[in-house]
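Engineer: One rule links them: number in my numbering = place in the sequence shown (from 1) + 17. In this text, a Cβ means the ideal position worked out from N, Cα and C, and glycines have one as well. Below is one structure. I have some questions about it.
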Amino acid sequence: MQTKIAVGLIEDQFLFREGMKAIIATWNEMEVIFESAEGYSVMNKLQRAAIIPQVMLVDLSLPPQGHVEFSGLHVTQALTAAFPDMKILILSVHDDENFINQLIEYGAHGYLVKDSNPQEVRDAIVTVWQKGSYINERTLKALQHTMGKKHRIAKPDLQITRREEEILQLVCQQYTAEEIAQKLFISVKTVNGHRNNLLQKTGSRNVTGLVLYAIRNNIVALH
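Here's what the structure looks like:
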């Protein structure tokens, strides 16, 4: 029975990849079970893999396949389509708000810059697996600032109930379904039902997408 979080690592810089593997090997709750130095062969490798990673760390800047670009964005799109339960954390040297916002919109569950300390990486992996998203202060500011440049207009035909809005606000605070159920005195099944309805209504790919929607439409103001 698998008890550790199965982690994958897609990173073209050999020393950085080996360093990440060495650091993760010191943490008892997870282990690296998959790695790749580029993104274009990842889907074929995963099809042959005995175990599929539960959390995939993906470098934003990956080498092309010949003249065809295959960046972390392309990997994110491919993985979210093929493995909807997989959680994706982007690793990047870029601290760019537009990059962050775009990757979250395309299905990434969190974004870390490569100068993050190891403890934050550990927290991010555990949080994204347990709660479905990892929104650190850098990502939150990027989402809020980028959304602030756009018109925040809710869809007029989108009917979100008071209970759904209440659950959405708690989701944005990164409460788990179990924690939300306890706070609202309802069952976990009911929470998951409301959350699934929200995903369908908002067209969100995952919990992180719900956070993006909530910020965009002024449903929640996080600090």
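1) Going along the chain, which residues of its own chain have a beta-carbon closer than 8 Å to the beta-carbon of K21, five neighbours each way excluded?
2) Using only CA atoms, which one of A98, E86, I117, V72 lies nearest to D140?
3) Do V85 and I27 have their beta-carbon atoms positioned less than 7 Å apart in this structure?
4) May I ask which residues mark the beginning and end of the alpha helix (DSSP H) holding A95?
5) I think G149 touches N235, with their Cβ atoms under 8 Å apart; what is that distance to the nearest whole Å?
6) Once you ignore the five residues that flank S250 on each side, which residues in its own chain have a CB closer than 8 Å to its CB?
7) In three-state DSSP terms, what is G127?
8) Since Q82 sits in a beta bridge, which residues does DSSP pair it with?
9) For L187, which three-state DSSP category applies?
10) Measure the C-alpha to C-alpha separation of G83 and I177 and round it to an integer number of angstroms.
11) For the alpha helix (DSSP H) that contains I117, what are its first and last residues?
12) If you drop the 5 nearest sequence neighbours on each side, which residues of the same chain put their C-beta closer than 7 Å to that of A99?
13) Mind checking R65: buried by the 16 CB within 10 Å criterion, or exposed?
14) Quick one: using the 10 Å Cβ neighbour count with 16 as the cut-off for buried, is L32 buried or exposed?
15) Rounded to a whole number of angstroms, what is the C-alpha to C-alpha distance between V130 and V138?
Structural biologist: In short:
1) Along the sequence shown, one-based indexing puts residue 21 at 4. If we look at K21 and ignore the five residues flanking it on each side, its Cβ neighbours are N45, E46, M47, E48.
2) Position 123 of the sequence shown, counting from 1, holds the residue named residue 140. Checked all of A98, E86, I117, V72; the closest Cα to D140 is V72.
3) Start at 1 with the first residue of the sequence shown, and residue 27 comes out as number 10. Start at 1 with the first residue of the sequence shown, and residue 85 comes out as number 68. Against a cut-off of 7 Å, the Cβ pair of V85 and I27 comes out as no contact.
4) Counting from one through the sequence shown, the residue named residue 95 turns up at place 78. Where A95 is concerned, the enclosing alpha helix (DSSP H) stretches over 89-99.
5) Numbered from its first residue, the sequence shown carries residue 149 at position 132. Numbered from its first residue, the sequence shown carries residue 235 at position 218. Actually they do not touch by this definition, with Cβ atoms about 22 Å apart.
6) Any question about residue 250 goes unanswered here, given that the chain covers just 18 to 240.
7) Along the sequence shown, one-based indexing puts residue 127 at 110. Note: G127 maps to strand in three-state DSSP.
8) What you label residue 82 is simply residue 65 of the sequence shown in a count that begins at 1. Q82 is bridged by DSSP to V85.
9) Here residue 187 refers to the residue found at position 170 of the sequence shown. If DSSP states are grouped into helix, strand and coil, L187 belongs with the helices.
10) Locating residue 83 in the sequence shown gives position 66, where the first residue counts as 1. Locating residue 177 in the sequence shown gives position 160, where the first residue counts as 1. Answer to the nearest angstrom: the Cα atoms are 47 Å apart.
11) On the sequence shown, position 100 is the one that residue 117 refers to. Here the alpha helix (DSSP H) through I117 covers 114-122.
12) As a first step, residue 99 must be located in the sequence shown, where it is residue number 82. Excluding residues within five positions, the ones whose Cβ falls inside 7 Å are M60.
13) The count along the sequence shown starts at 1 and reaches residue 65 at position 48. Exposed: under 16 other Cβ atoms inside 10 Å.
14) Within the sequence shown, numbered from 1, the residue matching residue 32 stands at position 15. Counting Cβ neighbours within 10 Å, L32 comes out exposed, since fewer than 16 surround it.
15) Numbered from its first residue, the sequence shown carries residue 130 at position 113. Numbered from its first residue, the sequence shown carries residue 138 at position 121. Distance between the alpha carbons of V130 and V138 is about 10 Å.
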